[in-house]
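Residue numbers (the working numbering): 2 to 572. Quick reminder that beta carbons are idealized off the backbone N, C-alpha and C, glycines included. Every value quoted in this text rests on a predicted model; they were computed, and no experiment measured them. These notes concern the structure reproduced below.
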């Protein structure tokens, strides 16, 4: 591993200029690492092992590689399992209860999108040593940085509220009083995160990850039809007799609950906090793949056992919430199945609340220059832990206050996530093409083309979701029209951009980019941010950011208007 003296990694405030000077061509030496918190340098202390900072590659036996993988495992696994949270339970059980196994195919379509997004994030974390929020501030200005962090804070607070709604539903089924149960759960989340030991926190998370295995016996107890499951995964289609608009909106909800902005901020900061460097990139990618496989299997299991539980029953097609699913499991499969489901829901909600809360406090620590690391004790990083505890406890209190508009808050989460995800993915793409930031780790052409397509799809789905929320009476033909119109506009925009580039290159106005030398990948780290020149955005990117700004402002105004209407009961 790269050795970096702790004193050379210290940086009193992100805005102050470091004294070190980068080597020519921005190839950073270990003594000028860009990390903003000295606690992010040192031994890798994972739940299943430790890698010392002065270890050398040496052995290459399968046992040595396995030990390294076990020590690295964590960021990808936690972010993916945390993604199967209370909101996901609600969405997946609705898909199963209302449409059987007919929407399982959507999960496979999400795999490449999940991998591309999260792979870029882990690459940013390992190479830069700087959190997502800080990079946006430094490379795109304070406006976009503030916009990203403020929106993230609001969205995360609402998301954590839904996690505690999930906890309250699980506790209610188990017969535990709501108010003390939710408060105790919040204190458990805060206590597990505030031990001052990164390794201890990750071990708690791994216990929660194993808790997700409670879904396995429920699946087998539901008497699954494996042929029907295989058909649902492999043959895309819309369940017969269903409303096109309802199915489309549920598919969008599945996308929204599986890919969320908090994941980008959390995984990048967690990779940094775990002290993972480019040397361990292949192991971290393996960790991510393990997490993706688990999240798809778990989601598929939830949809499947819900489908088989309610098939042919009066409740089929009459989804209410996860509590109704627990009741149905207890009634038709057995009391044990209902209990296991309630426990799995509580487990998923707790790990979701911890991950979403940490993404918030990491981002605030990055932007405000606070010490922010799980390696630090509470007395050493008071602001970091106070932000985490504050957002967790306030969200829990909102849930237990009688008369809280929990349904309204849930709608807010869905819409805000849909509105903000395209912008988060766009900044992720721009950062991964910033050569000063990524050096030999910049995106290749294939990655850029695929990610651009993903962003276009997310924007289209975001427009549909926003329109459906603002105009609940929207029918299937209008939704299809939006989808077709969005696809046509995306194709025209791509063709126009390609034509402009070809024309500029023909006139000699567009210089041919030099080939990227990727030979130094394993040792290259981004220099301190203060030593990097602000990127010069092309006209195309400036126009793109301007259009994004207009879209976000209009969408947010419409969302606020709709929320006010719902709150006043005039919708």
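Residue 332 sits in a helix when the DSSP states are folded into three classes. As the crow flies, the alpha-carbon of residue 460 is around 44 Å from that of residue 63. Three or more Cβ pairs closer than 8 Å define a contact, and the region 432-443 falls short of that threshold against the region 146-156. In the DSSP assignment, residue 275 falls outside any beta strand (DSSP E), carrying neither H nor E. The Cβ atoms of residue 153 and residue 355 lie no closer than 8 Å to each other.
Annotated three-state conformation of residue 46 is strand, per DSSP. Taking C-beta atoms under 8 Å as the contact rule, residue 123 and residue 291 fail to qualify, at a distance of about 13 Å. Shown here for residue 389: same chain residues with a beta carbon closer than 8 Å to its own, the five before and five after excluded, namely 191, 194, 195, 358, 359, 361 and 362 in chain order.
Residue 426 and residue 329 have their C-alpha atoms roughly 38 Å apart. Residue environment for residue 41: buried (at least 16 other C-beta atoms within 10 angstroms of its C-beta). Each of 45, 353, 105 and 323 was checked against the Cα of residue 198, and the nearest Cα belongs to 45. With respect to residue 253, residue 462 sits close: the two C-beta atoms are nearer than 8 Å. Fewer than three Cβ pairs drawn from the region 336-344 and the region 110-129 lie within less than 8 Å of each other, which leaves the two stretches out of contact. In this structure, residue 260 places its C-beta atom within 8 Å of the C-beta atom of residue 111.
The beta-carbon separation of residue 183 and residue 401, rounded to 5 Å, stays under the 8 Å limit for a contact.
Ranking 549, 536, 554 and 98 by CA distance to the CA of residue 314 puts 98 first. Between residue 375 and residue 274, the C-beta spacing is below 8 Å. Residue environment for residue 214: exposed (fewer than 16 other C-beta atoms within 10 angstroms of its C-beta). Closest option to residue 282, judged by alpha-carbon separation, among 536, 72 and 546: 72.
Contact between residue 104 and residue 301 is ruled out by a C-beta separation of about 10 Å, above the 8 Å threshold. The continuous alpha helix (DSSP H) containing residue 439 extends over residues 436-439. Comparing alpha carbon positions, the residue from 555, 82 and 517 closest to residue 298 is 82.
Between the region 260-269 and the region 480-498, the count of Cβ pairs shorter than 8 Å is below three; the stretches do not touch.
Rounded to the nearest whole angstrom, the C-alpha separation of residue 138 and residue 534 is 13 Å. Exclusion of the five residues before and after residue 395 leaves 158 as the residues of its chain whose Cβ lies within less than 8 Å of its Cβ. Secondary structure of residue 52 (DSSP, three-state): strand. Residue environment for residue 386: buried (at least 16 other C-beta atoms within 10 angstroms of its C-beta). Secondary structure note for residue 147: its alpha helix (DSSP H) is the uninterrupted segment 143-175. Here the alpha carbons of residue 224 and residue 168 stand approximately 27 Å from one another.
Separation of the CB atoms of residue 101 and residue 240 is rounded to 7 Å, and the pair is thereby assigned contact status at 8 Å. Closest option to residue 488, judged by alpha-carbon separation, among 319, 457 and 221: 457.
Contact between residue 480 and residue 255 does not hold, since their C-beta atoms are separated by about 15 Å, which reaches or exceeds 8 Å.
When secondary structure is reduced to three states using DSSP, residue 140 falls in the helix class.
Here the C-alpha atom of residue 475 lies approximately 52 Å from the C-alpha atom of residue 532.
Non-local C-beta neighbours of residue 115 in its own chain, meaning closer than 8 Å and more than five positions away in sequence, comprise 81, 259, 260, 293 and 296, ordered along the chain. Distance from the Cα of residue 176 is smallest, within the candidate group 52, 327 and 545, for 327.
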